[in-house]
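Residue numbers (our numbering): 1 to 104. Before any comments, here is the structure.
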């Protein structure tokens, strides 16, 4: 039997960390793709060393930038949600518990 619960508050630091991790992983993937294509285009132009340096910089910078922006957007987004949920109510969820044993 499903129970109805209402999500009334989100911990800003918790959502910030989660969103930072997810976006940093996406940033790593995008950085690898961008860096590889940048390196290949520089090799065809005969400037492999410069392209390699920019490719390494992209692989390092993309996850860092995406992670920081992910944390900030998660933190601010949860603050906005908490303000809105406090005045108009939260998100209603139907949750089905598999067993009633305490966590531990």
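All C-beta atoms, glycine included, are put in the ideal place defined by N, C-alpha and C. Since the model is a prediction, treat every value here as computed from it, not as a measurement.
Handout entry: Spatially closest choice to residue 71 from 5, 27, 8, 7, by CA coordinates
Key = It is 27.
Handout entry: Boundaries (first-last residue) of the alpha helix (DSSP H) holding residue 80
Key = For residue 80, the uninterrupted alpha helix (DSSP H) run begins and ends at 48-88, by DSSP.
Exercise for the section: Can you tell me which of 80, 69, 83 puts its alpha carbon nearest to the alpha carbon of residue 24? Expected result: Residue 24 has its Cα closest to that of 69, out of 80, 69, 83.
Practice task
Out of 52, 22, 43, 20, state which residue places its alpha-carbon closest to the alpha-carbon of residue 35.
Solution key: Nearest option by C-alpha distance: 52.
Practice task
Would you identify the three-state DSSP class for residue 91, choosing helix, strand or coil?
Solution key: Assigned with DSSP and collapsed to three states, residue 91 falls in strand.
Handout entry: Under the three-state DSSP convention, the category residue 44 falls into
Key = Correct three-state label for residue 44: helix.
Practice task
Could you say which of 30, 95, 6 lies nearest to residue 65 if we only look at CA atoms?
Solution key: Of the candidates 30, 95, 6, 30 places its Cα closest to the Cα of residue 65.
Problem - Extent of the continuous beta strand (DSSP E) to which residue 6 belongs - result: Counting along the chain, the beta strand (DSSP E) containing residue 6 begins and ends at 2-7.
Practice task
Taking all protein chains shown into account, decide if residue 43 is buried (16 or more other Cβ within 10 angstroms of its Cβ) or exposed.
Solution key: Answer is exposed; the Cβ neighbour count stays below 16.
Handout entry: Residue nearest to residue 123 in terms of C-alpha spacing, selected from 63, 3, 55
Key = Here the chain comprises residues numbered 1 to 104, so residue 123 is not present and cannot be evaluated.
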